[in-house]
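Enquirer: First the structure, then my questions, so here it is.
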Amino acid sequence: MAYPAFLVCLCPDSRLLQTRLERLLTLHKPEGGGERQRFVFWGDEALPPAFWEHLTLLGLFAQPKAVILRKSEALPAKVLDEQLSPVLAAAAAPDGRALRPAILPLVCLECGFERGRPKVPAHIQRLPFYTLAQQFSLLDVTPPLSESGIASYIKEEAARLGLRLNAGELSRLAAVLPPDAALISAETAKLALLRNEDGQLPEDAVNAVDTARELSVFEMIRIVQYHKRAPELWKRLLEDKLSGETSVFGFIALLLREARLLWQSLMGPPPELSPQATAQKQQAARNLGPGGIARLWDIALHAEKGIKSGERSPEQAFEMLAADLFMLFARAGRRSPL
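Take the sequence shown: its position 208, counted from the start at 1, is 210 in my numbering, and no numbers get skipped.
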């Protein structure tokens, strides 16, 4: 069996990326069967010496392993160019083939997509390891969910959890959930807890999803505008939004979808939401007005452009996005931010 020297995995959605990594590890199992040891490192943290050791050295018993580098786009350009590229180039060289069955490096670029293609930062595209990946077909691309793919993904997750959704429930969930696989999986799992012995949901159970999704976007703005401990909560909310695997691009996608729902609530046709959510959306849309809703798109796309162009780190882009949202809703008045 031919093993790749390394793989560069491009996917902006953490949940879809995890699923794809599992499939790649199944596809490239060791020759003798069994599983690879997995060692996961993160590019938004300083890489420890153990990363380089696992990447270049076999263990005492030479057990096959996968060395997974998440968020490698966050690494300093110098590390990518002067340290990572030479190691991966050596693995791809003829004299590096002996290690291929034993060590499988998986370099994850969790960048956004544009027009159906990954938007890889220009400085990464020029790096030797990326050029090698293009040359030897070592790029593994997993696109994010599209608006049209939301229903299919909900259906897959529901089937995996033993949840039987009728056509109306599926349509309603597809209307309120954003194209974020991690969020869809979490909300579907919550609903699965409510299913009966036949896998069906109680009547109107899907209405609870509106509230859960609403908090994920605008709870930050509500608290910052109305709470006496605003500075402390502002800092905590920023940290919460950037912690774990919650991507800034996922938040941007959520914000863009929210902008579309607000526009529909103001200009028609109205979105398919619960009566309570419909009333909230209409009030918020009236407060913002057409110009304010259009400004939501500007804020989201400006943050996305800053990250993709390399002008700002994801953390900087999110902080500016949050500040712009705060100013927008402050100008719209404090009657009802949502």
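Note that CB positions come from ideal geometry on N, CA and C, so glycine has one too.
Since the structure is predicted, the reported quantities are computational estimates derived from the model, not experimental observations.
(1) Under the rule that 16 or more other beta-carbon atoms within 10 Å means buried, what is Q282, buried or exposed?
(2) Can we say the segment 12-24 touches the segment 135-146, given the rule of at least three CB pairs closer than 8 angstroms?
(3) Please report the Cβ distance between L71 and L108, rounded to the nearest whole angstrom; I am assuming they are in contact, meaning their Cβ atoms lie under 8 angstroms.
(4) Which residues mark the beginning and the end of the alpha helix (DSSP H) in which F251 is found?
(5) Within the same chain, show all residues whose beta-carbon is closer than 7 angstroms to that of P272, passing over the 5 residues directly before and after it, in chain order.
(6) Return the chain-ordered ranges of every alpha helix (DSSP H) run that is complete within the segment 268-334 and spans a minimum of 4 residues.
(7) Between the segment 130-137 and the segment 303-321, can you find at least three pairs of beta-carbon atoms closer than 8 angstroms?
(8) Please name the residue, chosen from G114, R288 and L49, that lies closest to S311 on a Cα-to-Cα basis.
(9) Which one or two residues does DSSP pair with C11 in a beta bridge?
(10) Roughly how far, in whole angstroms, is the beta-carbon of L256 from the beta-carbon of G201, given that I think they are within contact range, below 8 angstroms?
(11) Using alpha carbons as the reference points, say which of E159, K307, D300 and L90 lies closest to L330.
(12) Taking the alpha carbon of L9 as the point to measure from, which residue in H30, R17 and S16 has its own alpha carbon closest?
(13) In terms of alpha-carbon separation, which member of P50, E116, P103 and L86 lies closest to G35?
(14) For V122, tell me which candidate among V89, D206 and S74 has the shortest Cα-Cα distance.
(15) Taking DSSP's pairing of strands, which residues face R38 in a bridge?
(16) Helix, strand or coil for N209? Go by DSSP, reduced to three states.
(17) Go to K31, then tell me how far its beta strand (DSSP E) extends in each direction, as first and last residue.
(18) Give me the DSSP bridge partner(s) of V69.
(19) Going by alpha carbons, who is nearest to E37 out of L60, C11 and K67?
(20) Tell me whether the beta-carbon of L163 lies closer than 8 angstroms to the beta-carbon of A188.
(21) Where do the ends of the alpha helix (DSSP H) carrying V178 lie?
(22) Do you know how far the Cα of A183 is from the Cα of D326?
(23) In the structure shown, what three-state DSSP assignment does R17 receive?
(24) Please say whether L111 and V89 have beta carbons closer to each other than 8 angstroms?
(25) How far does the alpha helix (DSSP H) with R197 in it reach, from first residue to last?
(26) Does the distance from the CB of L167 to the CB of A160 come in under 8 angstroms?
(27) What's the call for V42, buried or exposed, on a 16-neighbour Cβ count within 10 Å?
(28) When the distance is taken between beta carbons, is I254 closer than 8 angstroms to E306?
(29) Looking only at its own chain, which residues have a Cβ that is under 8 angstroms from the Cβ of A287, when we skip the five neighbours before and after it?
(30) Between which two residues does the alpha helix (DSSP H) holding K121 run?
(31) Report the rounded CA-to-CA distance for G45 versus L203, giving the unit in angstroms.
(32) What separation, rounded to the nearest whole angstrom, lies between the Cα atoms of T248 and S16?
(33) According to DSSP, simplified to helix, strand and coil, what is L116?
(34) Where does Q227 sit, in a helix, a strand or coil, going by DSSP?
Expert: A quick look at the data gives this:
(1) Residue mapping note: residue 282 aligns to position 280 of the sequence shown, counting from 1. Classification for Q282: buried.
(2) Contact annotation: the segment 12-24 touches the segment 135-146, with at least three C-beta pairs closer than 8 angstroms.
(3) By one-based count along the sequence shown, residue 71 stands at place 69. By one-based count along the sequence shown, residue 108 stands at place 106. Rounded, the Cβ-Cβ distance is 7 angstroms, consistent with contact.
(4) The residue given as residue 251 occupies position 249 in the sequence shown. Run containing F251: V250 to M269, per the alpha helix (DSSP H) assignment.
(5) The residue labelled residue 272 in the question sits at position 270 within the sequence shown. Hits under 7 angstroms: Q266 and T280.
(6) Those alpha helix (DSSP H) runs which fall completely within the segment 268-334 and span 4+ residues are 277-310 and 316-333.
(7) By the criterion of at least three beta-carbon pairs nearer than 8 angstroms, the segment 303-321 is not in contact with the segment 130-137.
(8) Counting from 1 along the sequence shown, the entry for residue 311 is found at position 309. Per the Cα distances, G114.
(9) Taking the sequence shown and counting its residues from 1, one reaches residue 11 at position 9. In DSSP, C11 forms a bridge with C110 and D142.
(10) Residue numbering aside, residue 256 sits at position 254 when the sequence shown is read from its first letter. Residue numbering aside, residue 201 sits at position 199 when the sequence shown is read from its first letter. The beta-carbon separation of L256 and G201, rounded to 28 angstroms, does not stay under the 8 angstroms limit for a contact.
(11) Position 328 of the sequence shown holds residue 330. Answer by Cα proximity: D300.
(12) What you label residue 9 is simply residue 7 of the sequence shown in a count that begins at 1. The shortest C-alpha separation from L9 is found at H30.
(13) The residue labelled residue 35 in the question sits at position 33 within the sequence shown. With distances taken between CA atoms, G35 lies nearest to P103 out of P50, E116, P103 and L86.
(14) Reading the sequence shown from its first residue, position 120 is the one you call residue 122. Considering only alpha carbons, the answer is S74.
(15) Mapped onto the sequence shown, residue 38 falls at position 36. For R38, which the question treats as bridged, DSSP gives no partner whatsoever.
(16) Here the question's residue 209 lines up with position 207 in the sequence shown. Secondary structure of N209 (DSSP, three-state): helix.
(17) Taking the first residue of the sequence shown as 1, we reach residue 31 at position 29. Annotation for K31: no beta strand (DSSP E) segment contains it, and DSSP assigns it neither H nor E.
(18) Position 67 of the sequence shown holds residue 69. Its beta-bridge partners are F41 and P107.
(19) The sequence position of residue 37 within the sequence shown is 35, counting from 1. Comparing Cα positions, the closest option is K67.
(20) Residue mapping note: residue 163 aligns to position 161 of the sequence shown, counting from 1. Residue mapping note: residue 188 aligns to position 186 of the sequence shown, counting from 1. Cβ distance not < 8 angstroms, so L163 and A188 don't count as in contact.
(21) Residue 178 sits at position 176 when you count from the first residue of the sequence shown. It spans A169 to V178 - the alpha helix (DSSP H) in which V178 sits, taken as one unbroken run.
(22) The count along the sequence shown starts at 1 and reaches residue 326 at position 324. The count along the sequence shown starts at 1 and reaches residue 183 at position 181. Just so you know, the alpha carbons of D326 and A183 end up roughly 26 angstroms apart.
(23) Here residue 17 corresponds to residue number 15 of the sequence shown, with the count starting at 1. Correct three-state label for R17: helix.
(24) The count along the sequence shown starts at 1 and reaches residue 89 at position 87. The count along the sequence shown starts at 1 and reaches residue 111 at position 109. In this structure, L111 does not lie closer than 8 angstroms to V89 by Cβ.
(25) For the purposes of this step, residue 197 is taken as the residue at position 195 of the sequence shown. Following the DSSP letters along the chain, one finds R197 in no alpha helix (DSSP H), marked with neither H nor E.
(26) As a position in the sequence shown, residue 167 is number 165, starting the count at 1. As a position in the sequence shown, residue 160 is number 158, starting the count at 1. For the pair L167 and A160, the CB atoms are nearer than the 8 angstroms cut-off.
(27) Residue numbering aside, residue 42 sits at position 40 when the sequence shown is read from its first letter. Around the beta carbon of V42, a 10 Å sphere encloses fewer than 16 other beta carbons of the protein chains shown; the residue is thus reported as exposed.
(28) Mapped onto the sequence shown, residue 306 falls at position 304. Mapped onto the sequence shown, residue 254 falls at position 252. Closer than 8 angstroms, so yes.
(29) Reading the sequence shown from its first residue, position 285 is the one you call residue 287. Cβ within range, chain order: L264, W265, S267, L268 and I295.
(30) To locate residue 121, count along the sequence shown from 1; it is residue 119. Here K121 belongs to no alpha helix (DSSP H), and DSSP marks it neither H nor E.
(31) Your numbering for residue 45 matches position 43 in the sequence shown. Your numbering for residue 203 matches position 201 in the sequence shown. A direct Cα-Cα distance of roughly 41 angstroms separates G45 from L203.
(32) The residue labelled residue 248 in the question sits at position 246 within the sequence shown. The residue labelled residue 16 in the question sits at position 14 within the sequence shown. Only weak support is given to the placement of T248: the predicted model assigns it a pLDDT of 45, under 50, and the question is left unresolved by the model.
(33) For the purposes of this step, residue 116 is taken as the residue at position 114 of the sequence shown. Sequence check: residue 116 is Glu here, not Leu. Here DSSP, grouped into helix, strand and coil, assigns E116 to strand.
(34) Residue 227 sits at position 225 when you count from the first residue of the sequence shown. Unreliable placement is indicated for Q227, whose pLDDT of 42 sits below 50; no coordinate value is reported for it.
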